[in-house]
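Reviewing the structure listed below.
Number of protein chains: 4
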Amino acid sequence: MSISNVTSPVQLRAEEGPGQPVPTPELEELYRGFERELLVPLWTEIGDLMPLHPQSKARPHLWRWRHLLELADRAGQLVPVGRGGERRAIALANPGLGGKPYATPTLWAAIQYLMPGEDAPEHRHTQNAFRFVVEGEGVWTVVGRDPVPMNRGDFLPQAGWNWHAHHNATDRPMAWIDGLDIPFQYANESQFFEFGRDAISDAEKTTPQRSRSQRLWGHPGLRPVSQPGPRQGSPLLAYRWADTDAALTDQLELDHEGFPGVVEPGHAAVRYTNPSDAGDVLPTIRTEMHRVARGTQTTPTREVGSSVYQVFDGSGVVSVGDSSWSVTRGDLFVVPSWHSLSVKSEAGGSDSDSGALDLFRFSDAPVFEKLGLHRVETTA
Amino acid sequence: MSISNVTSPVQLRAEEGPGQPVPTPELEELYRGFERELLVPLWTEIGDLMPLHPQSKARPHLWRWRHLLELADRAGQLVPVGRGGERRAIALANPGLGGKPYATPTLWAAIQYLMPGEDAPEHRHTQNAFRFVVEGEGVWTVVGRDPVPMNRGDFLPQAGWNWHAHHNATDRPMAWIDGLDIPFQYANESQFFEFGRDAISDAEKTTPQRSRSQRLWGHPGLRPVSQPGPRQGSPLLAYRWADTDAALTDQLELDHEGFPGVVEPGHAAVRYTNPSDAGDVLPTIRTEMHRVARGTQTTPTREVGSSVYQVFDGSGVVSVGDSSWSVTRGDLFVVPSWHSLSVKSEAGGSDSDSGALDLFRFSDAPVFEKLGLHRVETTA
Amino acid sequence: MSISNVTSPVQLRAEEGPGQPVPTPELEELYRGFERELLVPLWTEIGDLMPLHPQSKARPHLWRWRHLLELADRAGQLVPVGRGGERRAIALANPGLGGKPYATPTLWAAIQYLMPGEDAPEHRHTQNAFRFVVEGEGVWTVVGRDPVPMNRGDFLPQAGWNWHAHHNATDRPMAWIDGLDIPFQYANESQFFEFGRDAISDAEKTTPQRSRSQRLWGHPGLRPVSQPGPRQGSPLLAYRWADTDAALTDQLELDHEGFPGVVEPGHAAVRYTNPSDAGDVLPTIRTEMHRVARGTQTTPTREVGSSVYQVFDGSGVVSVGDSSWSVTRGDLFVVPSWHSLSVKSEAGGSDSDSGALDLFRFSDAPVFEKLGLHRVETTA
Amino acid sequence: MSISNVTSPVQLRAEEGPGQPVPTPELEELYRGFERELLVPLWTEIGDLMPLHPQSKARPHLWRWRHLLELADRAGQLVPVGRGGERRAIALANPGLGGKPYATPTLWAAIQYLMPGEDAPEHRHTQNAFRFVVEGEGVWTVVGRDPVPMNRGDFLPQAGWNWHAHHNATDRPMAWIDGLDIPFQYANESQFFEFGRDAISDAEKTTPQRSRSQRLWGHPGLRPVSQPGPRQGSPLLAYRWADTDAALTDQLELDHEGFPGVVEPGHAAVRYTNPSDAGDVLPTIRTEMHRVARGTQTTPTREVGSSVYQVFDGSGVVSVGDSSWSVTRGDLFVVPSWHSLSVKSEAGGSDSDSGALDLFRFSDAPVFEKLGLHRVETTA
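Protein chains in written order, with the numbering used here: chain A, 26 to 405; chain B, 26 to 405; chain C, 26 to 405; chain D, 26 to 405.
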């Protein structure tokens, strides 16, 4: 086989440069030999392959929620949901990633939309997933036949290889965001997918206010004696907004009283955790909710790995690397690997308004922590 | 040194028996030689030392709460609380353990009593401890300067080496039970103790409804981003009854609806866990709350290690080994190692009464699990 | 920003197909809207993005050692080693991976070549690396200033972020293979690189037969009391062939005597492990040596993740997916994710020849095991 | 039940003292009430129960090997080995522990003796055990039907619940020491015991130079691919003296060359580890070999938990707490919890003699480390 069969071969050239050999006909001949044998030397590639620090292909970028919602609404009218297409989900395609539906090199982020009365069919996959609801209500996600309500502020993890479907029980459409590790599993070729039932049962179309998983696992510091060991992927299928809001409020009040708990002054944050092992809620994805009090600017920080944020409430200014945007509810933005992030909430606001900027975040940090590759640095 | 200097020496005798040598003058002389050199042969001791299964020195025993309370109340009048004595705590002394204040070979259980306005002085120790409140209110336990309210049904862990004091903020006495690993640490000689301040500050005598630890760690499935790693001993300093009760109610309702979650039909149970690692709330002590629905008998079960139970609510009949007692609120009983336990709640009861039997339990199971020595067996 | 700025955008088309919407002008308009907003729908991409099982972009492929060695030898004459180019390493470029120097989507494999008296300059990087010597001797790799000899059959791990250089102390060139997680870290954007000293000291140019790391960590079942905890990446810097050979010989003899230990009859295998935690020798890379006894065919097996093999000794036939090759000493081949592998050693051979086929293997399995994504299946 | 039924009751007395109530008739009456209800107050016991630091009941003590050996030899003539007595083992009885066969509160240490041609019958127990050979040879311990040779310097772990027997294949008696966690499991009531076959088979009476376990697990840094996970208790059944000696020699040479590795100058030490998880060789017992170079005095150190040492070679002076002894080959001594230990090897010695003092050590440290109770302190 000659290398000419290969897509986009690296055409080796004898170039001048630090540590490069002198171009000669013999060197050209050697490089042709490499190509014939499907070989590439390190010395011509090392600058790109082994940079001094991460050089993300992804770019900082902002997607406006109102644009996403308009397009999703239009898709609701034109595109059916059913077996084959599986979900009416529309993904963020980072402008640095060649038009692929990747928010970052490892993470998928999409708006999903379900019309009144619609169901999305059951399937399962090794990709780890979650839903987060920035506004709206009325859909129950049915996980392992357990109907789980979805309401504004709720975070719903969906660990790999669990059967799941969705059901809109109301007469109004509902949108939310999905986060998955599709790009990571695609690049690493670890993914499996299985179709389930085309329709869920009537028993699964009930609309309880609390899922069975919440009833078993949603009590603070308590676990069922019948379930003693760790489980891969959280057995708690929804983290309700009332709890998250209370935790953030408590942190800021402790900060105000002079006690520790916040990440930094005026900046509260909670991490969603798997109650069976206290680790990240999904094996490959970390999820958090941050609250930046009125008039606060967070310390610029960069870390290995990428994040996607969605503004849950409030407004402010976000700076990622050299980019900067004013953001408001629902807007999504990407922080590529080793790009500095700082967030500034609004200084003003009426008395009846908390003025806080609430940011939902997900990232690929668990991958790097488990493999000993994580680094964080404040860049102030 | 001759063995006669030694307390209670084993007087070796040349006895007949399986695997025993024939008694002769030479053998007697050998045994005298062993004694001189502070030696003991295995072959005469193996039956006691290495039994076929655990032969607990502890005995099943029941202590009546009303008797404990009367004596504690009397102690409140006669015995001051202060530096030196440290606590007005009165411990259960298992009748098999030689009069020592040991509920079991590893566990200490005591009733503690604090008079109106009294404080117990600050100290810390490596012994892991907890409080459980079967009735009453008005005391705040001050842990690391964080005042933690104590109310009926609350469970309050107190991991080793944390500073702590108690403060009765009301005009009524209050009693509760303490559980510690004093016998375990005493036998294994691992204990340290340090005196703290004789008096806590006014700021620590405030009476908040929620401790700072609860505000940081008491939200289900959420942890502060500022506190990412595991902590030895739970950072959550109180598990409130409302949560425990809801969790048990949920389990029995799931059971009633045909879904899994209970330990066995009619028998719900939750384990108190450390939210920083999802393991047992204390390194050496496991704690649980069990609810046995009206008219239910639990499957006889025995396990390695010992437990102490307190009836939190309801009444019923408890069988431990060959013993059996009718029990009611506050009563405490001991289950020695490898003794079978079965519990039967009352069958009748008025409609307004749930009829359930609620049992608080603590045991030394974490020790055996971590050392690979745990066994459980149903004996039905 | 319009999507036309983006490299290789996915041009969305309204196509017919299962689960696809009916093509209409309105749908085309919607898809144009997606492109403007940098969005891609799931329903057109799901078949590729979320396949039923891994569909590796990599292809099974074989590289002949004699060709690699000829080209490396020629590079030794034409290409200097020094700062900037760093190493005279020539990488396998899988024909399915677009000409990139990737053996598989996650793994780099290269032949490295050092001329008589040459040094490769010191550097460090987060990429995890190892060397394996199929033939030759005379180079010492200097890791953290500890000179480690490299001889036929030796395996030398080089965990991320350790300083290292190489020194050829002889008058003959030497070649070996390097394995790294460059593609994995490149895709996931976690890599850091730092230049060290241009020249190592005379003390580091000594040529001990045993490295200091081997003297500390190379004793079976023993560890220095001064080094009690786990270390990320093995502190043992060389696994010598004599030990590996003895372990494989022992396994086959146990098999012959009827005792367990081999992977399957006639197939012995050892895994190189980190003696500080008994896990894989590198956080992202698993390495093993397999010995297939004369006339044995291994059970076809496939697993998630990819492997690279080098024939260390013997000859036989290897089948990977639909490909099959006769292989001999030094040949390298790739097993892409979820491709079945079976190996057959030669049946004949002279009496003086063991006839066994020895295969060195490295894979990305630790990544998948740590993230809960590993699967293995025999496909017989 | 009245407390008079109880063995050795604590007779509570109204005493004067810090924190003690004023003795009055009412107080006496209260104390009588406690006794009736099987209760003991904390305030009279706290000084003993919760001391400022461990106050070991065990005493430092030395047993001379020549005395042990003489008595064991005499027992060899008078006491048969067989079912019921099980083993001809003679245990150290610490003079502070009431004549019980306990070297320390948690550890058993005994000399075991097997006459020419004798077998000790098969059994198994949850107690973790090991053998260490200070001199002699000729016995094979048969563990899980695998005959394991025992020679001078060999350390042979025997994790709980493995079947084992012993076989003397020679015409000479052999002695060695046994270490077990009998006192720990006795106090904590976790022990099970089961009788096996009275006689082992002829196949088990073979006398291989290497056990099957050594052939599978005795290769440095290598593990069988067929045995991927951790195992409770080491699967390696013998750690041979040649390896231990080489590791200690290497450490002292590295020290001499100016490189790290020793515990402190002139003091080398290795820990026996489980090759399946790199942790302690037994779940409850840590074992180490220390070598103190000629003319070296070790830094006084104390730690939580107790140790037993046997002099393997050389001679010197040992100081434990306030005791001090000259020791020589085979002598055994005890270091109680939180007692300072320092060892001094001989300064002189002939040129042909290394002059080093080799000390085998076992301790209960894993118990305390797993439960968060371990502390070490140098007391220089």
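We treat Cβ as the ideally placed atom computed from N, Cα and C, and that holds for glycine.
Own chain residues within Cβ distance below 7 Å of residue i, not counting five before or after
i	result
A/Arg197	Pro141, Gly163
D/Ala97	Ile115, Ile136, Tyr138, Ala200
C/Ile28	In this prediction, C/Ile28 has a pLDDT of 34, which is less than 50 and means its spatial position is unreliable; nothing more can be read from the coordinates.
A/Lys125	Ala118
Partners in chain B for residue i, counting only beta-carbon separations shorter than 9 Å
i	result
D/Ala303	What D/Ala303 touches in chain B: nothing, since even the nearest Cβ is about 16 Å away.
D/Pro46	Ala100, Leu103, Val104, Pro105, Gly110
Other residues of its chain near residue i: CB distance less than 6 Å, five sequence neighbours each side excluded
i	result
D/Ser301	Pro255, Arg256, Pro260
A/Arg84	Pro120, Gly121
B/Ala372	Gly320
A/Ser367	Thr323, Pro325, Ser344
C/Lys230	His192
A/Pro249	Leu241
C/Arg265	Asp179
A/Gly204	Ala134, Phe155, Phe387
A/Leu369	The question names Leu, yet the displayed sequence has Lys at residue 369 of chain A. Contacts found: Gln322, Gly341, Val342.
B/Asn299	Ser259, Val306
Cβ-Cβ separation, residue j to residue i (assumed contact under 8 Å), whole Å
i	j	result
D/Ser332	D/Phe387	7 Å
C/Pro182	C/Phe155	5 Å
D/Phe217	B/Leu396	About 14 Å; that fails the 8 Å criterion.
D/Ser81	D/Pro391	Incorrect: roughly 19 Å between the Cβ atoms, too far for contact.
Contact set between residue i and chain D, taken where Cβ atoms lie within less than 8 Å
i	result
B/Ala100	Leu55, Pro66
Chain C residues whose Cβ lies nearer than 9 Å to that of residue i
i	result
D/Pro245	Gln239, Trp242, Gly243, His244, Pro245, Gly246, Leu247, Leu261, Tyr264, Arg265, Asp268, Pro300
Cβ-based neighbour list, residue i, same chain, cut-off 8 Å, excluding 5 preceding and 5 following
i	result
A/Val287	Gln276, Leu277, Leu279, Asp280, Ala293, Ala294
A/Ser365	Pro325, Thr326, Arg327, Ser344, Val345, Gly346, Thr404
D/Gln234	Pro174
C/Asp356	Leu87, Trp88, Arg89, Trp90, Gln335, Val336, Trp350
Residues that residue i contacts on chain C, provided the C-beta gap is smaller than 7 Å
i	result
D/Ala272	His244, Leu247
A/Gln234	Simply none; closest approach about 30 Å.
D/Ala154	Under the 7 Å cutoff, chain C gives no residues; its nearest Cβ is about 17 Å from D/Ala154.
Residue environment, residue i, which counts as buried when at least 16 other CB atoms sit within 10 Å
i	result
C/Val173	buried
D/Arg222	exposed
C/Glu282	exposed
C/Asn213	buried
Listed by chain order, chain A residues near residue i by CB distance under 7 Å
i	result
C/Tyr334	Under the 7 Å cutoff, chain A gives no residues; its nearest Cβ is about 16 Å from C/Tyr334.
C/Ala390	Per Cβ cutoff of 7 Å: no residues; C/Ala390 is ~11 Å from chain A at best.
C/Val329	Ser215
Listed by chain order, chain B residues near residue i by CB distance under 8 Å
i	result
A/Leu279	Arg237, Arg240, Leu241
A/Phe284	Arg237
Neighbour list for residue i in chain D, Cβ cutoff strictly below 9 Å
i	result
C/Glu313	Val250
Neighbouring residues, chain C, relative to residue i (Cβ below 8 Å)
i	result
D/Arg316	Near D/Arg316 there are no residues of chain C at all, since even the closest Cβ is about 11 Å away, more than 8 Å.
A/Asn187	Going along chain C, no residue has its Cβ under 8 Å from A/Asn187, so there is no contact; the nearest lies around 12 Å.
D/Ala135	Those within 8 Å of D/Ala135 in chain C number zero; the least Cβ separation is about 24 Å.
Proximal residues of chain A, C-beta to C-beta of residue i below 8 Å
i	result
B/Gln276	Arg240, Leu241, Pro249
| said: Runs of 3 residues minimum, wholly inside the region 180–253 of chain D: which ones carry the beta strand (DSSP E) assignment? | reply: 180–183, 189–193, 199–205, 218–220, 247–249
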